[in-house]
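Reviewing the structure listed below.
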């Protein structure tokens, strides 16, 4: 997970290079010691003040975030089940994973979901951002309409709507019937159920689109002018100017959306009625984790699953950063 | 560089595409965009209209216009569950209000320290804070549940509100750090020369200037908490404390073919506040996404 920091590294770098205070220079040797003492006490006072501002954050970090992380690592080596003690069982939970067919199924479903929906979603976002950036009149209206699904997409109400739309008598089949096409129960068919969820994620392309739009705005016009003077056509300008200068933002969106997609829960839970069906075809990793932890209360095993999820996400994020060396362009 | 000094870049950038696109081409782009936007929001509009349609039309008519307006779904849906629907709205509102207050207070405090004060381990803490933005809730939810269970907090709103009071939504810390860094430091120094303590500077100088960042935080917190299903599903089982998303899920599980109309009606009720906040605050939302995304 440490790799994530790099995405916003410029900001953190700025914070550490704080300028020296106004009292930093002094040439008189006599006044030096007392001033130094003064400065020391001033900086100590500042640290105490900082502590008072950070107190809630620090408590939260320890009690709500880091503490539970360590606790869940410990629990993953036990058979804890909410009632009774946590008995140390070593690597049993992790060995159990190897024979757990539902776990393997859920990893397969999740990986397919992530690697189909994220590229589609980002391609849509980039495409629309490019069109809107061409100086279209009414940009704020279009932007709002395209952005709206991003805000609503995670809600139960939208998942309910999706379930109806792709149901046997749903909106999609009603529209298909107008063209004399016999539809089917998309959500009740294991071959298509996951695709409807992928479509739901693609539908929420608005927020990466807004980020792309802001990025396109920052490409200086003189690069385009220079390319034009050198005789580059629109396609050439797109591939040689726009895309290279946008790669850091494409990369940022990619990292963010992959991490998000791995954690998708609500849509699959509602659309499949909490079971991940039909035939485990929408059994997201998070759904299986919920099932083990909070339905079966098999909390030791669920903790091991949670850590495996963290490792998987961390691994893909690290891979992402490694690969970025070959295609992300940070200027010279 | 030379061209830049001759003509300011932004105006030229705006002019260039206008000149290139012929009127016909512009019209075609608009038509394509409108068609695409229509497909995007058609399901939403259709659900809105379906909540007013007679029940057989929901399953047979893909158009947006009901043959006649049917209010019954709203009346039926409001009372279809063990509690009247406004109780669920009230429960959701309590959690939302607590979360907004918690995030505004705790995240702005932490943000001020990171943006303006010097203290030991600052770089490391800042890095940890950024890393927690990406930390999946699924990794910590089980020990958190055990912890809150030991406190006797299951089936209360505390597990949903207390973490916000402790600045665990690090995304908002980051957003406000970015914002505070953009404010001129001279203001802090002036207030400190005038005798303000750090808390005085924070409360009298920084906070009033942070209103846009605070608004963004409040709006995002509202939408995310209102939409949140996962943690509410885990911590709240008591029938009296159910929230809007939980109520919708109950409704979905309990219903038969005949109550899709009421289910849609209540879904529209659930989406209404988000839509309202979106209309009122989209300036803040879009700027918030753009700045935290880029910087």
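Protein chains in written order, with my numbering: chain A, 6 to 337; chain B, 75 to 369. We treat Cβ as the ideally placed atom computed from N, Cα and C, and that holds for glycine.
Which of helix, strand or coil DSSP assigns to residue i
| i | result |
| --- | --- |
| residue 26 (chain A) | Caution is warranted here: a pLDDT of 39 is assigned to residue 26 (chain A), below 50, making its placement in the model unreliable, and the coordinate value is therefore given only provisionally. Residue 26 (chain A) falls in the coil class under three-state DSSP. |
| residue 192 (chain B) | coil |
| residue 335 (chain A) | coil |
| residue 289 (chain A) | coil |
| residue 301 (chain A) | coil |
| residue 104 (chain B) | helix |
| residue 144 (chain B) | coil |
| residue 280 (chain A) | coil |
| residue 262 (chain A) | helix |
| residue 235 (chain A) | coil |
| residue 272 (chain A) | helix |
| residue 327 (chain B) | helix |
| residue 96 (chain B) | coil |
| residue 310 (chain B) | coil |
| residue 316 (chain B) | coil |
Residue from the options with nearest C-alpha to residue i
| i | options | result |
| --- | --- | --- |
| residue 193 (chain A) | A:186, A:185, A:202 | A:202 |
| residue 40 (chain B) | B:187, B:340, B:232, B:109 | No information on residue 40 (chain B) is available, as it lies outside the stretch 75 to 369 that chain B covers here. |
| residue 258 (chain A) | A:153, A:218, A:107, A:163 | A:218 |
| residue 347 (chain B) | B:363, B:265, B:295, B:205 | B:295 |
| residue 68 (chain A) | B:249, B:238, B:204 | B:238 |
| residue 243 (chain B) | A:327, A:303, A:65 | A:65 |
| residue 4 (chain A) | A:179, A:104, A:205 | With chain A covering only 6 through 337, there is no way to say anything about residue 4 (chain A). |
| residue 191 (chain B) | B:254, B:303, B:285, B:246 | B:254 |
| residue 121 (chain A) | A:207, A:70, A:160, A:62 | A:207 |
| residue 283 (chain A) | A:191, A:255, A:165 | A:191 |
| residue 81 (chain A) | A:328, A:318, A:308 | A:308 |
| residue 4 (chain A) | B:101, B:121, B:97 | Absent from the model: residue 4 (chain A). The displayed extent of chain A is 6 to 337, so no value can be given. |
| residue 320 (chain A) | A:173, A:263, A:288 | A:263 |
| residue 322 (chain A) | A:285, A:126, A:260, A:294 | A:260 |
| residue 123 (chain A) | A:210, A:195, A:289, A:298 | A:210 |
| residue 254 (chain A) | A:273, A:222, A:275 | A:222 |
| residue 148 (chain A) | B:146, B:325, B:114, B:149 | B:114 |
| residue 300 (chain B) | B:345, B:278, B:325, B:281 | B:345 |
| residue 105 (chain A) | A:168, A:287, A:294 | A:294 |
| residue 318 (chain A) | B:351, B:188, B:160, B:211 | B:211 |
| residue 270 (chain B) | A:46, A:44, A:54, A:42 | A:54 |
| residue 86 (chain A) | A:325, A:303, A:327 | A:303 |
The ligand NAP heavy atom lying under 7 angstroms from the CB of residue i
| i | result |
| --- | --- |
| residue 144 (chain B) | No copy of the ligand NAP occurs in the structure displayed, which carries no ligand at all. |
Identify every run of the alpha helix (DSSP H) within the stretch 62–142 of chain A, keeping only runs that are complete inside it and at least 4 residues long; order them along the chain. 72–80, 97–103, 106–138
Determine, using beta-carbon pairs with one atom in the stretch 328–335 of chain A and one in the stretch 106–120 of chain A, whether at least three such pairs fall under 8 angstroms. no
Start-end ranges of the alpha helix (DSSP H) lying completely within the stretch 158–224 of chain A, minimum 4 residues: 161–170, 176–183, 198–208, 211–222
Would you call the stretch 102–122 of chain B in contact with the stretch 307–316 of chain B, where contact means no fewer than 3 C-beta pairs closer than 8 angstroms? no
Alpha helix (DSSP H) runs contained entirely in the stretch 278–305 of chain B, provided each spans 4 or more residues: 285–301
For the stretch 206–218 of chain A against the stretch 132–143 of chain A, do three or more pairs of beta-carbon atoms, one drawn from each stretch, fall closer than 8 angstroms, so that the two count as touching? yes
Return the chain-ordered ranges of every alpha helix (DSSP H) run that is complete within the stretch 108–191 of chain B and spans a minimum of 4 residues. 129–132, 146–152, 159–190
Counting Cβ pairs, one atom from each stretch, are 3 or more of them under 8 angstroms apart for the stretch 174–192 of chain B and the stretch 47–64 of chain A? yes
Measuring CB atoms only, is the stretch 147–165 of chain A touching the stretch 174–191 of chain A, in the sense that at least three cross pairs come out at less than 8 angstroms? no
My parser needs the beta strand (DSSP E) runs of 3 or more residues fully inside the stretch 202–273 of chain B; what are they? none
Counting beta carbon pairs with one atom in the stretch 73–87 of chain A and one in the stretch 306–321 of chain A, are three or more of them shorter than 8 angstroms? yes
Below 8 angstroms, how does it come out for the stretch 297–311 of chain B and the stretch 92–101 of chain A: are there three or more Cβ pairs, yes or no? no
Is the stretch 267–285 of chain A in contact with the stretch 246–254 of chain A, if contact means three or more CB pairs nearer than 8 angstroms? no
Contact between the stretch 128–140 of chain B and the stretch 172–182 of chain A (3+ Cβ pairs under 8 angstroms): yes
Check whether the stretch 245–265 of chain B touches the stretch 195–214 of chain B, taking contact to mean three or more Cβ pairs, one atom from each stretch, closer than 8 angstroms. yes
Three or more C-beta pairs below 8 angstroms linking the stretch 169–180 of chain B and the stretch 223–240 of chain B: yes
Any chance the stretch 226–235 of chain B sits against the stretch 152–169 of chain B, with 3 or more Cβ pairs inside 8 angstroms? yes
Quick check: the stretch 353–361 of chain B against the stretch 284–303 of chain B, are there 3 or more CB pairs under 8 angstroms? yes
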